[in-house]
Amino acid sequence: MVVLGVESTAHTASVGVVDGEAKVLGLASDMYRPPSGGIHPREAANHHVDVLPGLVATALAAAGVRPRDLDAVAFAQGPGLGPCLRAGATVARMLSLAWRRPLVPVNHCVAHVEIARALSGLDDPLLLYASGGNTQVIAYGRGRYRVLGETLDIGIGNFLDKLWIGLGGTFPGGPALEAEARQGTELLPLPYSVHGMDVAFSGMLTATLALRDKGAARPDLAYSVESTAYSMLTEITERALAHRRKTSVALGGGVACNERLRAMVRTMAEGRGAEMFAPPRALCVDNGAMIAWAGELALSSGRTVSVERSAVQPRQRTDLVPTPWRETTGRGFAR
Ligand code: AMP
Ligand code: MG
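Taking the working numbering, the leading residue of the sequence shown gets 10, the next gets one more, and so forth.
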């Protein structure tokens, strides 16, 4: 089957086309970049409305696929920013009606896990999902993807973005902070905030800006923030691996593009004799291909939705979404 997927949960509008083996046939993305400050949901949604029609055309052309070759149209139903989700859902509904193809709702977090499974060939990895708005450790168990641990306040990416803007930079902060951190040498004391399987970042934000006010150098601040925040994520990932007796871990989300985080999780996994997989950048960040692939899996187990019942769910919980393909078909990864 060939499925087109629409992603629009936050600042990235993206359209992907995948086949039944999770091969990405076409992918076109465009990220909203606020002129200053953080992301404004309505402005991001306006951006998505502007670019999505062009992205659909580009992804189809790249795939060499005509609308009549498609088996379904999938969209990210949640979690995410309401106005952004609605922009993508509206486009997906319209395509579904115009092309007379089933509409498939997809949970964004489940899509991150499924694309990692497909690309790695790992059957049952734990996912460290580290993105702008989300920071979660997710593992499959008893019919659902369960959130084992998560941030108690802001997502790691939002934390890095806010911090970098506070230090005089511009959005997105994560990649710039990564470059800055490479010049850092001194590990400054910052709050290490792990609570069982959960983490919190707002105290570190305040503490870092306070150290800056006392004259700490920006490279050292960046280095210390990365060391502390990524250690916290690595610790909760290890705890979840141990408790769930999983033998592999995959990464997902924009922050999972970070080389330092990848290295720390890899070292931890190797120390436990576990496998570790990080998707290539284009499929680690938000993208339409993972929505299309998760849509393909949902479609294979009959999970479609009528336009009337396809409302977006900005606060959709990963552990409330059925994943029948995991039990019934054994599908879900290629290779
Ligand atoms: P997502 O929400 O998954 O699209 O990811 C976007 C977030 O990833 C933003 O907060 C970025 O600052 C962050 N990000 C992207 N690249 C990196 C990187 N190399 N290191 C750390 N954070 C990053
Ligand atoms: Mg994401």
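Quick reminder that beta carbons are idealized off the backbone N, C-alpha and C, glycines included.
On the CB-based measure, 16 or more other CB atoms within 10 Å of its CB, does residue i come out buried or exposed?
{"i": "A265", "result": "buried"}
{"i": "H20", "result": "buried"}
{"i": "G25", "result": "buried"}
{"i": "P62", "result": "exposed"}
{"i": "H204", "result": "exposed"}
{"i": "N56", "result": "The sequence shown places His at residue 56, not Asn. When all chains shown are included, H56 counts as buried."}
{"i": "K223", "result": "exposed"}
{"i": "D170", "result": "buried"}
{"i": "G339", "result": "Residue placement at G339 cannot be trusted, given a pLDDT of 48 that sits under 50; what the coordinates show is reported in the next sentence. It is exposed - the Cβ of G339 has fewer than 16 other Cβ atoms within 10 Å."}
{"i": "R335", "result": "buried"}
{"i": "D132", "result": "exposed"}
{"i": "S309", "result": "buried"}
{"i": "V330", "result": "buried"}
{"i": "Q325", "result": "buried"}
{"i": "N143", "result": "buried"}
{"i": "G341", "result": "Confidence at G341 is low in this model, with a pLDDT of 46, below 50, so its placement is unreliable and the value that follows should be read with caution. The residue in question, G341, is buried, as its Cβ has 16 or more Cβ neighbours within 10 Å."}
{"i": "L106", "result": "exposed"}
{"i": "S45", "result": "exposed"}
{"i": "R344", "result": "The predicted position of R344 is uncertain, since its pLDDT is 29 and thus under 50; a value taken from the coordinates is nonetheless stated next. Classification for R344: exposed."}
{"i": "A251", "result": "exposed"}
{"i": "Q192", "result": "exposed"}
{"i": "L161", "result": "exposed"}
{"i": "R312", "result": "buried"}
{"i": "R110", "result": "buried"}
{"i": "T18", "result": "buried"}
{"i": "G150", "result": "exposed"}
{"i": "G35", "result": "buried"}
{"i": "G304", "result": "buried"}
{"i": "A307", "result": "buried"}
{"i": "T346", "result": "Absent from the model: residue 346. The displayed extent of the chain is 10 to 344, so no value can be given."}
{"i": "A360", "result": "With the chain covering only 10 through 344, there is no way to say anything about residue 360."}
In this structure, what does DSSP give as the bridge partners for residue i?
{"i": "S38", "result": "S23"}
{"i": "A83", "result": "G14, V113"}
{"i": "T144", "result": "A139"}
{"i": "G150", "result": "R153"}
{"i": "V33", "result": "V27"}
Going by the CB atoms, is the gap between residue j and residue i shorter than 7 Å?
{"i": "I300", "j": "A83", "result": "yes"}
{"i": "A283", "j": "T256", "result": "yes"}
{"i": "W302", "j": "A125", "result": "no"}
{"i": "V33", "j": "A298", "result": "yes"}
{"i": "R269", "j": "Y239", "result": "yes"}
{"i": "V60", "j": "D39", "result": "yes"}
{"i": "L137", "j": "L260", "result": "yes"}
{"i": "S236", "j": "L196", "result": "yes"}
{"i": "E52", "j": "N296", "result": "no"}
{"i": "L7", "j": "G183", "result": "As shown, the chain starts at 10 and ends at 344. That puts residue 7 outside it, with no answer to give."}
{"i": "R227", "j": "E189", "result": "yes"}
{"i": "S314", "j": "L186", "result": "According to the sequence provided, residue 314 is Val. The question's Ser does not apply to it. Contact flag unset, no."}
{"i": "M213", "j": "L199", "result": "yes"}
{"i": "R102", "j": "V316", "result": "yes"}
{"i": "A148", "j": "R253", "result": "yes"}
{"i": "P333", "j": "L128", "result": "no"}
{"i": "G164", "j": "G263", "result": "no"}
{"i": "A278", "j": "L135", "result": "no"}
{"i": "L64", "j": "A96", "result": "no"}
{"i": "A98", "j": "V234", "result": "no"}
{"i": "P92", "j": "P50", "result": "yes"}
{"i": "Q145", "j": "E159", "result": "yes"}
{"i": "V258", "j": "M241", "result": "no"}
Any heavy atom of the ligand FAD inside 6 Å of the beta-carbon of residue i?
{"i": "D132", "result": "Among the ligands in the structure shown, the ligand FAD does not appear; only the ligand AMP and the ligand MG can be found there."}
Chain C beta carbons: is any one of them nearer than 7 Å to that of residue i?
{"i": "K32", "result": "Included in the structure is just one protein chain, with no chain C present."}
Point to revise | Continuous beta strand (DSSP E) assignments of at least 3 residues falling wholly in the segment 229 to 281 | key: 257 to 261
Review point. Three or more beta-carbon pairs under 8 Å between the segment 71 to 81 and the segment 11 to 21, yes or no?
Key: yes
Practice item. Could I get the ranges of all uninterrupted alpha helix (DSSP H) runs contained in the segment 89 to 136, with 4 residues as the minimum, in chain order? Key: 91 to 108, 117 to 129
Check your understanding: If you pair each beta-carbon of the segment 273 to 282 with each one of the segment 206 to 226, do three or more pairs fall below 8 Å?
Key -> no
Exercise for review: Could you tell me whether the segment 107 to 118 touches the segment 84 to 93, where touching means 3 or more Cβ pairs closer than 8 Å?
Suggested key: yes
**Study point:** Whole runs of the alpha helix (DSSP H) within the segment 155 to 221, excluding any shorter than 4 residues
**Key:** 165 to 175, 182 to 190
Check your understanding: Along the chain, which unbroken stretches of the alpha helix (DSSP H) at least 4 residues long are found entirely within the segment 280 to 343?
Key -> 290 to 293, 297 to 309, 333 to 337
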